[in-house]
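Q: The structure's right below; bear with me while I get my questions together.
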Amino acid sequence: MSASGPGPTVSFRYDGAALTAPAGSTIAAALIGNGILSWRMTRRRGEPRGLFCGIGQCQDCLVDVNESPALRACQVFVRDGDDIAASRSVGWRDAD
Amino acid sequence: MRTEVAVVGAGPGGMSAALAAADAGCQVVLIDSASGVGGQIYRQSQRPGGETDPGGGPAGGGLPAPLRRVAGHPGITLAMGVSVWQAGPAGSGFRLHCVTSQAGGQGDAADVVDAQAVVVATGASELVVPFPGWTLPGVVTAGAAQAMLKAQQTLIGRRILVAGTGPLLLPVAAGLARRGARVAGVYEAAHIGPMLSGLPAIARHPGKLAEAAGYAAALARGRVRTRAGWALAECRGRDRVEEAVLTRVDRHWRASGPARVVPVDAVAVSHGFVPVLDLSRALGCRDEPLAQHPAATVVVDARQATSTAGVFACGEATGVGGAAKAELEGTVAGAAAARHAGRLDEAGFRARTSGSAARIGRAREFAALLARLYPLGDGWLAGLRPDTVVCRCEDVAWEELTGALAAGPSDLRSVKGLTRCGMGYCQGRVCGPVVQYAAARLTGRRLDAVGDLHTRHIITPVTLGRLAAADTGEPGGVPDSEL
Numbered sequence: 001m002s003a004s005g006p007g008p009t010v011s012f013r014y015d016g017a018a019l020t021a022p023a024g025s026t027i028a029a030a031l032i033g034n035g036i037l038s039w040r041m042t043r044r045r046g047e048p049r050g051l052f053c054g055i056g057q058c059q060d061c062l063v064d065v066n067e068s069p070a071l072r073a074c075q076v077f078v079r080d081g082d083d084i085a086a087s088r089s090v091g092w093r094d095a096d
Numbered sequence: 001m002r003t004e005v006a007v008v009g010a011g012p013g014g015m016s017a018a019l020a021a022a023d024a025g026c027q028v029v030l031i032d033s034a035s036g037v038g039g040q041i042y043r044q045s046q047r048p049g050g051e052t053d054p055g056g057g058p059a060g061g062g063l064p065a066p067l068r069r070v071a072g073h074p075g076i077t078l079a080m081g082v083s084v085w086q087a088g089p090a091g092s093g094f095r096l097h098c099v100t101s102q103a104g105g106q107g108d109a110a111d112v113v114d115a116q117a118v119v120v121a122t123g124a125s126e127l128v129v130p131f132p133g134w135t136l137p138g139v140v141t142a143g144a145a146q147a148m149l150k151a152q153q154t155l156i157g158r159r160i161l162v163a164g165t166g167p168l169l170l171p172v173a174a175g176l177a178r179r180g181a182r183v184a185g186v187y188e189a190a191h192i193g194p195m196l197s198g199l200p201a202i203a204r205h206p207g208k209l210a211e212a213a214g215y216a217a218a219l220a221r222g223r224v225r226t227r228a229g230w231a232l233a234e235c236r237g238r239d240r241v242e243e244a245v246l247t248r249v250d251r252h253w254r255a256s257g258p259a260r261v262v263p264v265d266a267v268a269v270s271h272g273f274v275p276v277l278d279l280s281r282a283l284g285c286r287d288e289p290l291a292q293h294p295a296a297t298v299v300v301d302a303r304q305a306t307s308t309a310g311v312f313a314c315g316e317a318t319g320v321g322g323a324a325k326a327e328l329e330g331t332v333a334g335a336a337a338a339r340h341a342g343r344l345d346e347a348g349f350r351a352r353t354s355g356s357a358a359r360i361g362r363a364r365e366f367a368a369l370l371a372r373l374y375p376l377g378d379g380w381l382a383g384l385r386p387d388t389v390v391c392r393c394e395d396v397a398w399e400e401l402t403g404a405l406a407a408g409p410s411d412l413r414s415v416k417g418l419t420r421c422g423m424g425y426c427q428g429r430v431c432g433p434v435v436q437y438a439a440a441r442l443t444g445r446r447l448d449a450v451g452d453l454h455t456r457h458i459i460t461p462v463t464l465g466r467l468a469a470a471d472t473g474e475p476g477g478v479p480d481s482e483l
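Chains A and B, in that order, are what the protein sequence lines are.
All the letters of the first sequence, read from the start, carry residue numbers 1 to 96 under the working numbering.
All the letters of the second sequence, read from the start, carry residue numbers 1 to 483 under the working numbering.
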């Protein structure tokens with residue numbers, strides 16, 4: 001799905017899996033490029049969400065990165081060594 | 001940081017304003033939350049060495065030559081990756097509170113910009129009205145699909161449907177097709193699509209007509225099906241979108257024929273734009289609600305001056321009209337800001353803006369024409385199911401909104417309190433126009449009588465620590481009314 005092509009890449013982890021993405025990727029592009037479309041569950045319904053507005057307005061794409069909770073995946077660049085996780089800091093409905 | 005003129009938003013309007021002010025001798029700080037200049041329409045690649053995808057045509061390509069002067073202009077300091085989160089008067093000018101947005105909270109750095117004059121060039125955000133399945137992963141705004149393409153050279157899917165209404169659909173579809181996506185059709189709800197050129201009013205803007213024809217030709221070459229008078233009725237799938245349901249609609253977007261089911265792995269949808277007014281409102285600038293669209297526009301005079309002395313506005317914030325209108329207004333706004341800062345006398349201001357009134361008038365005429373060509377129909381309301389989400393942040397269902405409206409509160413602030421629409425992460429940026437439109441239709445009032453959700457938000461997300469540390473220039477920190 002990604003148009004990764006030749007060029008420098010960065011390595012990161014998403015929910016424990018080792019992945020790569022082209023340098024300069026936003027986290028949203030890095031995840032979508034690896035076939036991952038959702039990285040958050042909504043609070044009331046427990047429905048999966050990912051990219052929506054793509055320009056930092058809607059906050060649907062919130063994701064946890066390293067020690068920082070709830071960052072906008074469409075605005076933040078992935079960095080080498082980032083440990084990214086489906087967001088449990090916002091609206092994650094734990095399995096009861 | 002101190003400067004004479006701060007321009008917020010580095011799209012075509014903001015860049016033109018920055019150039020006009022700097023050319024008049026001002027020190028200018030040009031601020032944008034994106035990592036580079038261009039705004040949404042001239043969005044540049046964020047990848048090292050990445051060639052900016054033309055994104056479908058002349059309007060989506062690289063920076064026009066006149067705007068490239070922004071880089072390296074001795075009078076312009078670029079503050080890219082910087083978000084203004086609060087703003088207000090300070091001394092004889094204004095103080096903008098900023099955070100570096102690209103770090104996104106990973107060690108966010110704060111700064112204040114004190115300016116004698118401010119140009120608001122904050123652009124517009126996309127309007128998407130709800131339909132069953134619009135929250136499925138893989139369903140994104142047309143602008144998101146285009147931003148991923150232009151800045152990230154990433155396709156949101158392999159088989160992508162483009163739907164909704166407005167002049168953005170064709171360039172987005174053409175850009176996706178050029179990049180190798182299988183575009184599973186372009187479905188424009190309006191009956192007068194951009195492909196139809198019969199209106200004499202359009203013929204008065206031949207450049208725009210040629211641009212639309214270029215997109216249509218590109219799509220025809222790629223054997224992409226384009227249909228006018230069809231609406232996206234539903235998206236279906238388990239954990240992601242797998243099918244899109246399209247229906248033929250009348251001019252009010254009410255279903256008028258059989259449905260067509262199209263297999264997809266992504267959908268790009270857009271129903272128009274709404275001006276982004278967080279900053280103008282923080283600065284106290286008056287805006288007026290529109291009668292035909294669930295949005296408001298900043299009120300400006302012939303000098304692009306807002307109701308707040310020293311604050312000027314240009315581009316989509318004063319009325320959605322595209323890059324040409326933004327650049328023309330930006331040039332006037334920048335010169336007016338320079339005049340306010342004392343760098344131009346009246347004769348100098350007039351010399352730098354002569355002839356612009358007529359050209360701005362023409363650009364606004366075209367904007368009004370577009371609004372008439374792509375009206376927001378109300379048929380989508382009939383397509384909502386009781387459990388369809390209307391507020392994406394708070395998972396508020398359509399039946400909760402209709403229940404609150406039936407209970408009788410006449411103002412949207414009460415509706416917000418009853419339903420939590422507009423109280424989530426996005427603070428009503430997505431559902432606000434939807435709630436306003438639904439309230440108007442369901443209670444038989446005009447859009448401009450209903451008003452908006454009255455959100456009083458911080459302009460961009462910040463940590464509590466940042467709020468606590470803010471130097472607002474007044475005792476007691478950030479005014480209570482803003483929290």
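All C-beta atoms in this analysis are idealised placements derived from N, C-alpha and C, irrespective of residue type, glycine included.
Closest Cβ-Cβ distance between Cys-393/B and chain A: below 8 Å?
A: As a position in the second sequence, residue 393/B is number 393, starting the count at 1. True, the Cβ-Cβ gap to chain A drops below 8 Å.
Q: Going by DSSP, name the residue or residues bridged to Leu-78/B.
A: Position 78 of the second sequence, counted from the first residue, corresponds to residue 78/B. Looking at the DSSP assignment, Leu-78/B forms a beta bridge with Leu-30/B.
Q: Are the C-beta atoms of Ile-32/A and some chain B residue less than 8 Å apart?
A: For this step, residue 32/A is matched to residue 32 along the first sequence. True, the Cβ-Cβ gap to chain B drops below 8 Å.
Q: Do the CB positions of Ala-189/B and Gly-164/B come within less than 8 Å of each other?
A: The residue labelled residue 189/B in the question sits at position 189 within the second sequence. The residue labelled residue 164/B in the question sits at position 164 within the second sequence. Yes; because the gap between Cβ atoms is below 8 Å, this pair is in contact.
Q: Might you give, ordered along the chain, the residues of its own chain that have their beta carbon closer than 7 Å to the beta carbon of Ala-302/B, omitting 5 neighbours on each side?
A: Position 302 of the second sequence, counting from 1, holds the residue named residue 302/B. Closer than 7 Å at Cβ, skipping near neighbours: Ala-357.
Q: With Glu-400/B as the anchor, note down where its alpha helix (DSSP H) starts and where it stops.
A: Along the second sequence, read from residue 1 onward, the residue named residue 400/B stands at position 400. In the DSSP assignment, Glu-400/B falls within the alpha helix (DSSP H) that extends over 398-406.
Q: What in chain B is Cβ-close to Gly-56/A, meaning under 7 Å?
A: Locating residue 56/A in the first sequence gives position 56, counting from the first residue. Ser-33, listed in chain order.
Q: Going by the CB atoms, is the gap between Trp-134/B and Cys-285/B shorter than 8 Å?
A: Looking up residue 285/B in the second sequence gives position 285. Looking up residue 134/B in the second sequence gives position 134. Not in contact: Cys-285/B and Trp-134/B (Cβ atoms no closer than 8 Å).
Q: Output the distance between the C-alpha atoms of Ser-25/A and Gln-44/B, rounded to the nearest integer angstrom.
A: Here the question's residue 25/A lines up with position 25 in the first sequence. Here the question's residue 44/B lines up with position 44 in the second sequence. Each residue's Cα considered, the two are about 13 Å apart.
Q: Who pairs with His-97/B in a beta bridge, going by DSSP?
A: As a first step, residue 97/B must be located in the second sequence, where it is residue number 97. Partner(s): Gln-86/B and Val-112/B.
Q: Quick one: what's got a C-beta closer than 6 Å to Ala-117/B's C-beta in the same chain, skipping five residues either side?
A: By one-based count along the second sequence, residue 117/B stands at place 117. Only Val-5, Gly-310, Ala-337, His-340 and Ala-341 meet the Cβ criterion.
Q: What does Pro-289/B pair with, by DSSP beta-bridge criteria?
A: Within the second sequence, numbered from 1, the residue matching residue 289/B stands at position 289. Looking at the DSSP assignment, Pro-289/B forms a beta bridge with Ala-296/B.
Q: Let me see if you follow: with CB-CB separation under 8 Å, is Gln-152/B close to chain A or not?
A: Numbered from its first residue, the second sequence carries residue 152/B at position 152. Cβ-Cβ to chain A under 8 Å: yes for Gln-152/B.
Q: How is Thr-20/A classed by DSSP in three states: helix, strand or coil?
A: In the first sequence, residue 20/A corresponds to position 20, counting from 1. If DSSP states are grouped into helix, strand and coil, Thr-20/A belongs with the strands.
Q: What does Ser-38/A reach in chain B if we use C-beta pairs closer than 8 Å?
A: Residue mapping note: residue 38/A aligns to position 38 of the first sequence, counting from 1. Chain B residues near Ser-38/A: Pro-137, Asp-239 and Arg-240.
Q: Give me, in chain order, the residues of the same chain whose beta-carbon lies closer than 6 Å to that of Ala-220/B; leave out the 5 immediate sequence neighbours on both sides.
A: By 1-based counting over the second sequence, the position of residue 220/B is 220. Closer than 6 Å at the Cβ level, and outside the excluded window around Ala-220/B, lies no residue.
Q: Should Gly-417/B and Cys-431/B be called a contact, given that it needs their Cβ atoms to be closer than 8 Å?
A: As a position in the second sequence, residue 417/B is number 417, starting the count at 1. As a position in the second sequence, residue 431/B is number 431, starting the count at 1. Taking 8 Å as the Cβ cut-off, Gly-417/B and Cys-431/B do not qualify as a contacting pair.
Q: Along the chain, where does the beta strand (DSSP E) that runs through Met-423/B open and close?
A: To locate residue 423/B, count along the second sequence from 1; it is residue 423. Neither: Met-423/B is in no beta strand (DSSP E) and is coded neither H nor E.
Q: Can you tell me where the alpha helix (DSSP H) with Val-450/B in it begins and where it stops?
A: As a position in the second sequence, residue 450/B is number 450, starting the count at 1. Here the alpha helix (DSSP H) through Val-450/B covers 447-450.
Q: Name the residues in the segment 409-427 of chain B whose C-beta lies less than 9 Å from a C-beta of chain A; which are they?
A: Of all residues in the segment 409-427 of chain B, only Gly-424, Tyr-425, Cys-426 and Gln-427 come within less than 9 Å of chain A when Cβ atoms are compared, listed by chain position.
Q: Taking buried to mean at least 16 other C-beta atoms within 10 Å of its own C-beta, is Ala-71/B buried or exposed?
A: The count along the second sequence starts at 1 and reaches residue 71/B at position 71. By the 10 Å Cβ count, Ala-71/B comes out exposed.
Q: Are the C-beta atoms of Glu-47/A and some chain B residue less than 8 Å apart?
A: On the first sequence, residue 47/A is found 47 positions in, with the first residue counted as 1. Cβ-Cβ to chain B under 8 Å: yes for Glu-47/A.
Q: Along the segment 11-25 of chain A, what residues have a CB closer than 8 Å to any CB found in chain B?
A: Pro-22, Ala-23, Gly-24 and Ser-25
Q: According to DSSP, simplified to helix, strand and coil, what is Pro-386/B?
A: Locating residue 386/B in the second sequence gives position 386, where the first residue counts as 1. Of the three classes helix, strand and coil, the one that applies to Pro-386/B here is coil, per DSSP.
Q: Alpha carbon to alpha carbon, how far is Gly-35/A from Cys-61/A? Give it in angstroms, no decimals.
A: Stepping through the first sequence from its first residue, residue 61/A is reached at position 61. Stepping through the first sequence from its first residue, residue 35/A is reached at position 35. Near 15 Å, if we compare the C-alpha coordinates of Gly-35/A and Cys-61/A.
Q: Does Pro-48/B have its Cβ less than 8 Å from a Cβ in chain A?
A: Within the second sequence, the letter at position 48 stands for residue 48/B. Interface annotation, Pro-48/B: in contact with chain A, CB-CB separation under 8 Å.
Q: Specify the secondary structure class of Asp-82/A as computed by DSSP and reduced to three states.
A: Within the first sequence, the letter at position 82 stands for residue 82/A. Three-state DSSP puts Asp-82/A in coil, outside helix and strand.
Q: Are the C-beta of Met-148/B and some C-beta of chain A separated by less than 8 Å?
A: In the second sequence, residue 148/B corresponds to position 148, counting from 1. Yes, its Cβ sits closer than 8 Å to a Cβ of chain A.
Q: Shorter than 8 Å from the beta carbon of Gly-315/B to some beta carbon of chain A?
A: On the second sequence, residue 315/B is found 315 positions in, with the first residue counted as 1. No, Gly-315/B does not count as interfacial toward chain A.
Q: Please classify Gly-207/B: is it buried, with 16 or more other beta-carbons within 10 angstroms of its beta-carbon, or exposed?
A: Along the second sequence, one-based indexing puts residue 207/B at 207. With fewer than 16 other Cβ atoms from the protein chains shown falling within 10 Å of its own Cβ, Gly-207/B counts as exposed.
Q: Show which residues of chain B have a CB atom less than 9 Å away from the CB atom of Gly-50/A.
A: Reading the first sequence from its first residue, position 50 is the one you call residue 50/A. Within chain B, the residues near Gly-50/A are Pro-137, Gly-138, Val-140 and Arg-240.
Q: Could you please tell me which residues of the segment 344-361 of chain B, in chain order, have their CB closer than 7 Å to any CB of chain A?
A: The segment 344-361 of chain B vs chain A, Cβ under 7 Å: nothing.
Q: What residues are listed by DSSP as bridge partners for Trp-230/B?
A: For the purposes of this step, residue 230/B is taken as the residue at position 230 of the second sequence. DSSP output for Trp-230/B lists Arg-248/B as bridge partner(s).
Q: Ends of the alpha helix (DSSP H) at Pro-48/A?
A: On the first sequence, residue 48/A is found 48 positions in, with the first residue counted as 1. Looking at the DSSP string, Pro-48/A is not in any alpha helix (DSSP H); the run it does join, the beta strand (DSSP E), is 48-50.
Q: Tell me whether Phe-349/B sits in a helix, a strand or coil according to DSSP, three-state version.
A: Residue numbering aside, residue 349/B sits at position 349 when the second sequence is read from its first letter. Here Phe-349/B sits in helix by DSSP.
Q: Have a look at Leu-369/B and Ala-324/B and give me their C-alpha separation to the nearest angstrom.
A: Residue mapping note: residue 369/B aligns to position 369 of the second sequence, counting from 1. Residue mapping note: residue 324/B aligns to position 324 of the second sequence, counting from 1. Going by the C-alpha atoms only, they are around 14 Å apart.
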